[in-house]
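Only one structure is covered here, and it is reproduced in the block below.
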Amino acid sequence: MKKILALILALVMSMAVFAGCGGDVDTLDANEKAYNEAQIAKYWAFEEAYKNDGATEVLKVAISPDFAPMEFMETDKNKVVGFDVLLAMYIAKELNMKLEIVTLDFGACQVAVQTGTVDCSISGFSVTDERKQNCNLSDYYYAGENETEQVIIVKADKANKYSKADDFAGLKIGAQGASLQENLCKDQLTGAKIEVYGDINTAVQALLSGIVDGVAVAKGNAESIMANNDKVALSGFEFEVSSEEENNVVLIGKGNDDLTNKINAVLAKAYAAGLYGEWYEASKALSGINTAAEISFDENGNPIVDAE
Amino acid sequence: MFIEIIENIFVKILPKYWHLFVFEGLGYTLLLSLITVLCGTILGSLLALLKMSKIPPFRWLVTAFVEVIRGTPLLLQLYIGYFLVPQLIPALSSNKFVSVSIALVLNSAAYVTEIIRSGIQAVDKGQTEAARSLGLSQAQTMTKVVLPQAVKNILPALGNEFVAVIKETSLASTFYVGDLMTQYLVVKGNTFLAMECLLVVGVIYFVVTFVLSRAVSAFEKRLKRGE
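Protein chains in written order, with this note's numbering: chain A, 952 to 1259; chain B, 8 to 234.
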């Protein structure tokens, strides 16, 4: 018993030592840091602005928080955050309903919509035939280029080996089950063997462990993964994506046309107000991506905005 | 590879997220397990009584329940519980912790039923016969002779059931109820370091179940001392 105690004590002490030098090496300069912090502050401001807890009617939205920066858990406040969360809050506010977020895993989100356990699910869903058959789909919403481009990440030391679909012939490629990426792999990587995983992060672990040779993900998601892990990199290959598959939709219970129409009206409003881009940048910063990487600053530290 | 994993655990995972694992995760896991075993024991005791009753339909019903629960996977029961309970009892629709607990309790009750039934039936028949021939009524025989001996069989088995339930609650993470495996999903989603989080969670599970099962066997020894 004393030995076990001593062991535990040693572990705790070594933890304390490591905790002291914890945290990532800060490679960002002051301007970039300030820009990212401003984006994060913007996220919380959006969240505060869209709160509508006084409403009586409840809108239940299923979200699978394993897909940074679209949806993930912010661990300090223990909250689901991300682009889709802001969208859900915005929809609830516009419909004057109280938002209730139900966190489930990705597969369970779709079942929850079908069984009517929730009103809808906003979790980075693309359009697939199965979803068309089993749910009402909203109009498209567009999170930005990074969410529409679909790529394959591979181990960093092999990144330059792959540039076209044939390069993956005979290799194993991981993808999230029942996702757009799985369908794309089946259609476009005919020579490869597709390994299906419950969530992206497990697929990434399989990549690191050498079980699969690549993982198919949305580009925005790939950025989050690479920001946290320098062992993986983008391959030169990018999927061809039809315009229908480029965008995300809200899954709504089959036959609930009333809610579908209402949500479509709100989506149109958010699009017209140009909110999508702002939500996306703020969510990206919150998930730890350096959103200032492609921005240059003037001598006063103000970002130089390209006049596009 | 391994050195890097260890380094990641101590540099990237523990300093920032340890409270999630130790407080939230372990807290919810223990809370869920306690609710499951306590309610499961109460319900299981009732079912065990019904199973040993003289009225055949009761026996059949309980046997059917126990066989169905033991013959299907817990994950399937959790899904059914999660999607069915809110439809049967709309008031519970906003609390997934409750619907998941109900599924876990029903599952545990089936196993506890068998623990209690076998515990009682393991008491030698001669004990009942002797008590009855000494003039004790059937109720007296049960409460004064059989049950005190059966408890010695039942309690350690219940302790082991608790240890088993602690591990089984991990399946509830499919619904993000907040237990240890949920925290694994959460931290993994933030850091994309799956193996590191698995190891941390694994160590916590092991420490808790190891300590508990040691305690159960010490308790078992203590009970055996009277024999």
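The beta-carbon is built from N, C-alpha and C at its ideal position, and this holds for glycine as well.
Bear in mind the structure is a predicted one, so any value in this text is a computation, not a measurement.
Taking contact to mean 3 or more Cβ pairs, one atom from each stretch, closer than 8 Å, check whether the region 51-67 of chain B and the region 191-204 of chain B are in contact. no
DSSP-derived helix/strand/coil call for residue 1240/A: coil
Using beta-carbon positions only, say whether residue 31/B and residue 196/B come within less than 9 Å of one another. no
Within the 9 Å Cβ cut-off, does residue 1056/A reach chain B? yes
What are the boundary residues of the beta strand (DSSP E) that includes residue 1165/A? 1165-1169
Is there a Cβ from chain A that is less than 9 Å from the Cβ of residue 196/B? yes
Considering only the alpha carbon of each residue, which of 1049/A, 1134/A, 1105/A lies closest to residue 1193/A? 1134/A
Alpha carbon of residue 1200/A to alpha carbon of residue 1079/A, nearest angstrom: 10 Å
Distance check for residue 16/B and residue 973/A, CA to CA, integer angstroms please. Its pLDDT being 38, under 50, residue 973/A is placed unreliably in this model, and the coordinates cannot settle the point.
Would you mind sorting residue 189/B into buried or exposed? The rule is 16 or more other CB atoms within 10 Å of its CB. buried
Close beta carbons around residue 1139/A, own chain, < 7 Å, minus the five adjacent residues each side: 1116, 1190, 1191
When 1156/A, 1185/A, 1168/A, 1131/A are compared against residue 1112/A, the one with the closest alpha-carbon: 1185/A
Suppose the cutoff is 8 Å on Cβ atoms and the five residues either side in sequence are ignored; what does the same chain contact list for residue 979/A look like? 987, 1241, 1243
Taking residue 59/B as the query, report the chain A residues whose CB atoms sit under 7 Å from its CB, ordered along the chain. The contacting residues do not exist; residue 59/B stays about 38 Å from chain A at best.
Considering only DSSP beta bridges, list what residue 1104/A is partnered with. 1166/A, 1185/A
Of the choices 1100/A, 1023/A, 1074/A, 1092/A, whose alpha-carbon is the least far from that of residue 1224/A? 1092/A
Assigned secondary structure, residue 74/B (DSSP; H/G/I helix, E/B strand, else coil): helix
Outcome for residue 1259/A when other beta-carbon atoms lying within 10 angstroms are tallied against a minimum of 16: Caution applies to residue 1259/A, whose pLDDT of 38 falls short of 50 and renders its modelled position unreliable; the model cannot decide the point.
Below 8 Å, how does it come out for the region 1073-1090 of chain A and the region 1196-1214 of chain A: are there three or more Cβ pairs, yes or no? yes
What span of residues does the beta strand (DSSP E) with residue 1125/A cover, start to end? 1123-1127
Among 1198/A, 1013/A, 1248/A, nearest to residue 1169/A - alpha-carbon criterion: 1198/A
For residue 155/B and chain A, any beta-carbon pair shorter than 9 Å? no
Proximity below 9 Å, CB of residue 1021/A to CB of residue 1072/A: no
Are residue 1011/A and residue 1062/A touching if we call contact CB-CB under 9 Å? no
Quick check on residue 1143/A: does DSSP put it in helix, strand or coil? coil
Interface flag, residue 1024/A vs chain B, CB-CB below 9 Å: yes
What is the rounded straight-line gap between the Cα of residue 29/B and the Cα of residue 37/B? 11 Å
Nearest to residue 1100/A by alpha carbon, out of 1239/A, 1132/A, 1114/A, 1176/A? 1132/A
Drop a sphere of 10 angstroms on the beta-carbon of residue 1119/A, count the other beta-carbons inside from all chains shown, and report buried for 16 or more, exposed for fewer. buried
What are the residues of the region 1215-1246 of chain A that lie near chain B, defined by any Cβ-Cβ distance shorter than 9 Å? 1238, 1239
Cutoff 7 Å; reference residue 1006/A; Cβ partners in own chain excluding five residues on either side: 1047, 1048, 1049
Check whether the Cβ of residue 95/B lies closer than 9 Å to any Cβ atom in chain A. no
Within the region 116-146 of chain B, note down every full alpha helix (DSSP H) run reaching 4 residues or more, in order along the chain. 132-140
Reduced DSSP secondary structure (H/G/I, E/B, other) of residue 1049/A: strand
Rounded to whole angstroms, what is the Cα-Cα separation between residue 193/B and residue 81/B? 22 Å
Buried or exposed: where does residue 1171/A fall if 16 or more other Cβ atoms within 10 Å of its Cβ makes it buried? buried
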